[in-house]
Amino acid sequence: MTQHSVLGTQHSTWVGQPFPRIEDRALLTGLGQYVDDLTLPGITHAAYLRSPHAHARIVRIDTAAAEALPGVCAVMTGEYVARNANPQRMRIKAAGSPNVYALAHDKVRYVGHPVAAVAAVDRATAEDALDLIEVEYETLPPLVVAADAMAPGAPLVFDEIGTNVLWHDTFVYGGVDEAFARADQIVRERIDIQRYSSTPLETFGSMAQYDPSNGAYTIWGHTQMPGQELGGISRALRVSAGQVRFIVPRMGGAFGNKLRPLNLISLALLARKAGRPVKFIEDRREALALSQSADMQVDVEAAITNDGEILALRIRGIVNEGAGLDFALRHNVLMLANTVNCYRVPAVSYEGYSVVSNRPPIVANRGIGKPVMCLAIERTVDAIAHTTGLDRAEVRFRNFIQPDQFPYETPSGNLYDSGDYPALLRKALEIIDYDGALEKQREGRSQGRLLGIGIAAGVEPGISNAGHNALIGESKITGAGEAARIRMEMDGTVTVYTGGLEAGQGHATALAQVVADQLGLHPDQVRVPLTFDSGTHPYVMTSGNYSNKFHGEDVAAAIGAAQKIRDRLLNRASSQLDAAAVDIELRDGRAVVRGVPDRSVAIAELAASAYGSLAPDQAEIDEPGLEVVHVHTDPMAIRMDANRRVKIQLSFPSAAHVALVEVDPDTYETKVLRYVIVHDCGREINPMIVDGQIHGSVVHGIAAALLEEFVYDAEGQLLSGSFMDYLKPTSADVPMIEGDRLATLSPFTPLGTKSVGEGAAVVAPAAIASAVENALEPLGIRIGALPITPSRLWTLASEGGARYGHADN
Amino acid sequence: MSADVDWGVDVKRSVTMTVNGTQHTADVEPRLNLVDFLRIDLGLTGTHIGCEHGVCGACTVLLEGEPIRSCLFFAIQADGTTITTIEALAVDDQLHPIQEAFHENHGLQCGFCTPGMVLAALAFLEDNPSPSEREIRVALAGNLCMCTGYVNIVKSVQAAAAALAGKAGT
Ligand code: FES
Ligand code: FES
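Spelled out as structure tokens, the structure:
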């Protein structure tokens, strides 16, 4: 990709540079220190006995034989958990709020539901012990698809809430009915999306230790929200948050999948019961069974004019949440954040259903509901082109929010920061040579080749405003922000601690660049410890690595803290250089009087005096020590208004994707020939890292469209539970990713940055669906569901062409 | 089942192997995987476990110079062999040219696939020192990366090939 094309000169030294990552060296030499690489004296290893049934009552559990096996240190069941821990509650008080424990104790609600846990001297012995536990189940009818769970009289997944519809609401913004009444035409699309996952290569893991002398726990484990996790864990374990030291080692990928607090709670209880530290690393079978996005159905009705202008949208989303609460209701809310995508749609309504079922609880996979909403809107736009006879790109150009309309407020209250959507699509079409591609397609078709051009455009909403919780219920958590602590050491180097976490995004490098600029240092002089430790790192409830918030919240928090350090240094420099603080700048490791380069003092010298000079006259100049905390609160993250309008997300990067595919007319295998993305994430702190994020994200999206699916049978059994049948893309399956960037700066973040990382996975499935449908135009096949597999296309083609969707739900 | 059932696993067997130039002898259960032997018994945690069923390649090590999946190998199968893991690649704090190429080309993000990827690339480039893009993609198709979309991994291997060729030429 080329360098910034719109962005002007940057008034910074390090921000904007493709600075090589400071994370790499340890990772390249095998010194990553992921959670499974850690150990403790006396460590034991856990294994979980999991339900083979999707829905059953537990009649009896006999653990005597397992407990007697040599090498077993503890066996724990749901009954122990219910006695010694509080149930998990939904983060948001919504209508139905069932109690969920870290182990099943009355019923099992999905295949893989943990029923008992064993700690033993090694993993193999722990697994041997699982074979000795006897469980008697009374099976109940499984509810696998949302439609069955919603049917009147369906058996209940959670008896205590009396319904399987956890939440249902309708939001209307603007004159939707009026628009439909005056529309020339109405276009309807139904989209079904499968359960899939970005499957971090490192599975979920944790290690826990209990200290009976003070009742305190130390937990090393995965999370993406350390503040909320600490709150939830300590509440569940019935201790103060100060009695849990929570350490989050560097993660081998996360993608939203590593937010599963029940694992941490059960392991902590097991460590307490065993009286020894215990470690649990999920195996791949467990990871695939327990880290899935929601399967969803979205219906869109678009009121349009004959010119292809969209007047209003009516959207209905049904989310199959599975049988848990970790991320319940979130898909719906985030779909609501994305209803108009990048289009000027004045009126929109959204009706959402959150349905519990006997599939595993969903996790927050990369994009959480945004990919399906983008897919639904982009499929609708293609359908509008189909209906009106306009070119697919042309319909988009006619409906795009225009560059002079920013900041642009959407009907539901999101405030789009900046963008030039027409320029993005124009550029993407230019790179792919759209007219040339259409010509080649015509030629190819005459020779029986199925060539397709896919077009998709989208905003990629990022940074959750917890104020959106008000849409679904009561919550004490509001706003958005992050905490940072910076200590300038006595040698003038700095250490930066934040509540963010590292899972591969290069946050340490980016923060080093940002902080180096603020303090006139070299990034090598900035250390960013990658292991979060609640004993050293500051945090708030919105802390963590999620919703692409790093560029805004984490960076702003680090800048705020660095500026406090800078002010303190300037106090000292001012006294030493006999100049006003405002006349002094920090650069190249020195405090320099502006315009008088020979009046300067080394930052290291100022730092040394901050630590060493404690005489009262020195303390008057500045307080001793050089350590500050700054909590950034995002000024945009305001509460919901009286009309239920709220900024659900705060950052709106955008992109246009164009894909060229070829479908094999014999096997119906789809090959991606070229993939172009032109994106806008505002100012880039490190363009090399941004490129890497985009490549990975695009490939996640391509794979979701063509390969990946957690397939369930009618009994709720997972049929694709290994990497042999849950297909991940390999290097041989995907092309090089081409493209460019056209940056427009966000007016709402300190550096003009916007989110990056999640985004390409939001838009890519839509581009692939568009391309495959376009390739199959001669066969009359329409695409209304993912993944688009050869066997499904083959079946449709042999039936003479039809619409590919899920008829059954 | 009763607790005194005979699992047949406590009959340990002696194995000897040379790992990264050091000879190790240990008594191991026959069911112990090579990857667990390397990680737990020898403390070489640079070799990672991503699937334990032979698909992801995270556990790749070199056995007599050839890449193998150490999750599909029992430790006792490796008796008498010579093994290289990621820990042996950098010499005297100097990264191997392939490691250097991954660093310069941003060929890693979370780093979990990286040790396996680097070792697979090392063995591949020995067989094919000047590969095409397609050959690299096919050669590395047994190593999954969930982060990079493979773009910069392919570029890293291309750069490593060039660097190694340059080195060989001097
Ligand atoms: S862990 Fe060995 S191939 Fe995946
Ligand atoms: S860098 Fe994360 S799996 Fe490859």
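Heads up: the protein sequence lines correspond to chains A and B, in order.
Converting from the first sequence to the numbering used here requires adding 1 to each position, the first position being numbered 1.
Converting from the second sequence to the numbering used here requires adding 55 to each position, the first position being numbered 1.
We treat Cβ as the ideally placed atom computed from N, Cα and C, and that holds for glycine.
If you're wondering where the values come from, they're calculated on a predicted model, not measured in any experiment.
Compute the minimum distance between the beta carbon of A175/B and the heavy atoms of ligand 1, and state whether it is under 7 Å.
-> Position 120 of the second sequence, counted from the first residue, corresponds to residue 175/B. For A175/B, the Cβ stays outside the 7 Å cut-off from all heavy atoms of ligand 1.
What's the call for K371/A, buried or exposed, on a 16-neighbour Cβ count within 10 Å?
-> Indexing the first sequence from 1 puts residue 371/A at position 370. With 16 or more Cβ atoms within 10 Å of its Cβ, K371/A is classed as buried.
For P21/A, go through chain D and note every residue whose CB falls closer than 9 Å to its CB, in chain order.
-> The chain inventory of the structure shown lacks chain D, comprising the protein chains A and B.
Residue from L752/A, F398/A, E628/A and T224/A whose Cα sits closest to the Cα of G257/A | Here the question's residue 257/A lines up with position 256 in the first sequence. Nearest option by C-alpha distance: T224/A.
Would you say E179/B faces chain A, with C-beta separation under 8 Å as the test?
-> Against the second sequence, residue 179/B aligns to sequence position 124. The residue you asked about is not Glu; residue 179/B is Phe in the sequence shown. No, F179/B lies away from the interface with chain A (no Cβ there is under 8 Å from its Cβ).
Nearest chain B C-beta to L708/A closer than 8 Å, yes or no?
-> Numbered from 1 along the first sequence, position 707 holds the residue referred to as residue 708/A. It does not: the Cβ of L708/A has no partner Cβ on chain B nearer than 8 Å.
Proximity test, Cβ basis, 8 Å: L199/B and chain A = The sequence position of residue 199/B within the second sequence is 144, counting from 1. Using a CB distance cut-off of 8 Å, L199/B counts as an interface residue toward chain A.
Got a sec: does ligand 1 put a non-hydrogen atom nearer than 7 Å to the Cβ of G112/B?
-> As a working mapping, residue 112/B is identified with position 57 in the second sequence. Yes.
Return the residues of the segment 108-125 of chain B that lie within a Cβ-Cβ distance of less than 8 Å from chain A, sorted by chain order.
-> H108, V110, C111 and A113
Can you tell me which of the three DSSP states H523/A falls into?
-> Locating residue 523/A in the first sequence gives position 522, counting from the first residue. In the structure shown, H523/A sits in coil (DSSP, three-state: anything other than H, G, I, E or B).
Just by C-beta distance, which residues in the segment 161-181 of chain A are closer than 9 Å to chain B?
-> none
Between A656/A and D692/A, what straight-line distance do the alpha-carbon atoms span, to the nearest angstrom?
-> Residue mapping note: residue 656/A aligns to position 655 of the first sequence, counting from 1. Residue mapping note: residue 692/A aligns to position 691 of the first sequence, counting from 1. Taking the straight line joining both Cα atoms gives about 13 Å.
Regarding R86/B and ligand 1, is the C-beta to nearest heavy atom distance less than 7 Å?
-> Here residue 86/B refers to the residue found at position 31 of the second sequence. No, Cβ of R86/B sits at least 7 Å from all heavy atoms of ligand 1.
Would you mind giving the Cβ-Cβ distance between G43/A and L291/A, rounded to the nearest angstrom? I have them listed as a contact below 8 Å.
-> Numbered from its first residue, the first sequence carries residue 43/A at position 42. Numbered from its first residue, the first sequence carries residue 291/A at position 290. Contact doesn't hold; Cβ gap of about 28 Å is too wide.
Can you give me the Cβ contacts of L50/A inside the same chain, cut-off strictly under 6 Å, excluding the 5 residues immediately before and after it?
-> Reading the first sequence from its first residue, position 49 is the one you call residue 50/A. Only V116, A117, L131 and I134 meet the Cβ criterion.
Between which two residues does the beta strand (DSSP E) carrying R600/A extend?
-> Working through the first sequence from its first residue, we reach residue 600/A at position 599. Per DSSP, R600/A belongs to the beta strand (DSSP E) from V597 to A603.
Leaving aside the five residues before and after T790/A along the sequence, list all residues of the same chain whose C-beta is less than 6 Å from its C-beta, in chain order.
-> Here residue 790/A refers to the residue found at position 789 when the first sequence is read from its first residue. Answer for T790/A: no residue qualifies.
Completely contained alpha helix (DSSP H) runs for the segment 382-470 of chain A, where each covers 4 or more residues = 393-400, 422-433 and 435-447
Any heavy atom of ligand 1 closer than 7 Å to the Cβ of R124/B?
-> Within the second sequence, the letter at position 69 stands for residue 124/B. Yes, Cβ of R124/B sits closer than 7 Å to a heavy atom of ligand 1.
Span of the alpha helix (DSSP H), counted from its first residue to its last, around Q650/A = Working through the first sequence from its first residue, we reach residue 650/A at position 649. Q650/A -> not in any alpha helix (DSSP H); beta strand (DSSP E) instead, spanning Q650 to S652.
Taking Cβ positions only, does I131/B come closer than 8 Å to chain A?
-> The residue you call residue 131/B lines up with position 76 of the second sequence. So, not an interface residue.
In angstroms, rounded to a whole number, what distance separates the CA positions of A66/A and L268/A?
-> In the first sequence, residue 66/A corresponds to position 65, counting from 1. In the first sequence, residue 268/A corresponds to position 267, counting from 1. So the two alpha carbons sit approximately 21 Å from each other.
C-alpha distance - D134/B paired with L117/B, whole-angstrom precision = Translated into the one-based positions of the second sequence, residue 134/B becomes position 79. Translated into the one-based positions of the second sequence, residue 117/B becomes position 62. C-alpha separation (whole angstroms): 14 Å.
Taking the CB atoms as reference points, tell me whether L627/A and M737/A lie closer together than 8 Å.
-> Position 626 of the first sequence, counted from the start, is the residue given in the question as residue 627/A. Position 736 of the first sequence, counted from the start, is the residue given in the question as residue 737/A. No, Cβ-Cβ distance for L627/A and M737/A is not below 8 Å.
Under a Cβ-count criterion, where at least 16 other Cβ atoms within 10 Å of its own Cβ denotes burial, should R22/A be classed as buried or exposed?
-> Your numbering for residue 22/A matches position 21 in the first sequence. Looking at its Cβ environment, which holds 16 or more other Cβ atoms inside 10 Å, R22/A is buried.
Cβ atoms of M252/A and A504/A: under 8 Å apart, would you say?
-> Translated into the one-based positions of the first sequence, residue 504/A becomes position 503. Translated into the one-based positions of the first sequence, residue 252/A becomes position 251. Against a cut-off of 8 Å, the Cβ pair of M252/A and A504/A comes out as a contact.
Compare the C-beta of T137/B against all C-beta atoms of chain A and say whether one is closer than 8 Å.
-> Taking the first residue of the second sequence as 1, we reach residue 137/B at position 82. It does not: the Cβ of T137/B has no partner Cβ on chain A nearer than 8 Å.
Identify every run of the beta strand (DSSP E) within the segment 268-339 of chain A, keeping only runs that are complete inside it and at least 3 residues long; order them along the chain.
-> 279-282, 296-305 and 311-323
Other residues of its chain near V90/B: CB distance less than 7 Å, five sequence neighbours each side excluded | Position 35 of the second sequence, counting from 1, holds the residue named residue 90/B. Cβ neighbours of V90/B beyond the five flanking positions: T102, I104, C114, S125 and C126.
Min CB distance Q4/A to chain B below 8 Å = To locate residue 4/A, count along the first sequence from 1; it is residue 3. Confidence is the limiting factor: at Q4/A the pLDDT is only 34, short of 50, which leaves the residue's position unreliable, though a coordinate-based value still follows. No, Q4/A lies away from the interface with chain B (no Cβ there is under 8 Å from its Cβ).
Please state whether DSSP places N637/A in a helix, a strand or coil.
-> Taking the first sequence and counting its residues from 1, the one referred to as residue 637/A is at position 636. Note on residue identity: the sequence assigns Met, not Asn, to residue 637/A. Looking at M637/A - three-state DSSP - the assignment turns out to be coil, as it is neither helix nor strand.
Could you name the residues of the same chain whose beta carbon sits closer than 7 Å to that of L780/A, not counting the 5 residues immediately before and after it, in chain order?
-> By one-based count along the first sequence, residue 780/A stands at place 779. Around L780/A: A798 and G802.
Say the cut is 7 Å; is the CB of G753/A nearer than that to a heavy atom of ligand 4?
-> Ligands displayed in this structure: ligand 1 and ligand 2; ligand 4 is not among them.
Interface flag, T532/A vs chain B, CB-CB below 8 Å = Counting from 1 along the first sequence, the entry for residue 532/A is found at position 531. By this cut-off, T532/A is not an interface position.
Following the continuous beta strand (DSSP E) through I15/A, name the residue where it begins and the one where it ends.
-> One-based indexing of the first sequence puts residue 15/A at position 14. According to the sequence provided, residue 15/A is Trp. The question's Ile does not apply to it. From DSSP, W15/A is part of no beta strand (DSSP E); its letter is neither H nor E.
Are the beta-carbon atoms of F724/A and Q293/A separated by less than 8 Å?
-> Reading the first sequence from its first residue, position 723 is the one you call residue 724/A. Reading the first sequence from its first residue, position 292 is the one you call residue 293/A. Not in contact: F724/A and Q293/A (Cβ atoms no closer than 8 Å).
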